[in-house]
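Colleague: For the sequence shown, position 123 matches number 520 in my numbering, and the numbering has no gaps at all.
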Amino acid sequence: TAMLTYSSGPKEGSIHMSGDREEDVTAWVEVLSGVPRGDLAFHEWLKDGTVLCSLANAIQPGIVEKVHPSSAPMFKQMENVTSFIRACRSLGDLEKDVFNTVDLYEAKNLASVRCCASFLRSIFFCINEKRPSRIVDHP
């Protein structure tokens, strides 16, 4: 078992890393965004973009200025997702590592969504000296 330790402002702790990309991304997003997934499917949890915008703003406060509520019309929810994708690019995700809004909103390519979030997690831990991390093996 591996644990990822982190420090993000007032939040510090460890996140269990299972080796399963979706589980690991979910654990990291839950901790940073403060929004638990619960029993929701990965797609349903992230579809309206609010969790992703919360994640981006936890990494760099204010990077997504306008976040529409979950109850907003479809096009505003898609705007949230697009804002998150722009934030990923600003934070250093390469164009090849970001997904398209419809990949998530219509569940067309959830693997690319998991991959993008995984790359963002790596960027978060690698380039932000104020939020160091390390992988620690526990027996």
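Cβ coordinates follow ideal geometry from the N, Cα and C atoms, glycine included.
Spatial neighbours of Arg434 within its chain, please: CB distance less than 7 angstroms, with the 5 preceding and 5 following residues excluded, ordered by chain position.
Modeller: As a working note, residue 434 is residue 37 in the sequence shown. Correct list, in chain order: Thr423, Glu427 and Trp442.
Colleague: So, with DSSP's three-state summary, where would you put Asp436?
Modeller: As a position in the sequence shown, residue 436 is number 39, starting the count at 1. Coil.
Colleague: If you check the beta carbons only, do Ala504 and His465 fall under 7 angstroms apart?
Modeller: In the sequence shown, the residue the question calls residue 504 occupies position 107. In the sequence shown, the residue the question calls residue 465 occupies position 68. For Ala504 and His465, no; Cβs fall outside 7 angstroms.
Colleague: DSSP three-state label for Glu526, please.
Modeller: The residue given as residue 526 occupies position 129 in the sequence shown. Bear in mind that the predicted position of Glu526 carries a pLDDT of just 49, short of 50, making it too unreliable to give a figure here.
Colleague: Have a look at Lys463 and Thr479 and give me their C-alpha separation to the nearest angstrom.
Modeller: As a working note, residue 463 is residue 66 in the sequence shown. As a working note, residue 479 is residue 82 in the sequence shown. When rounded, the separation of the alpha-carbon atoms in Lys463 and Thr479 is 11 angstroms.
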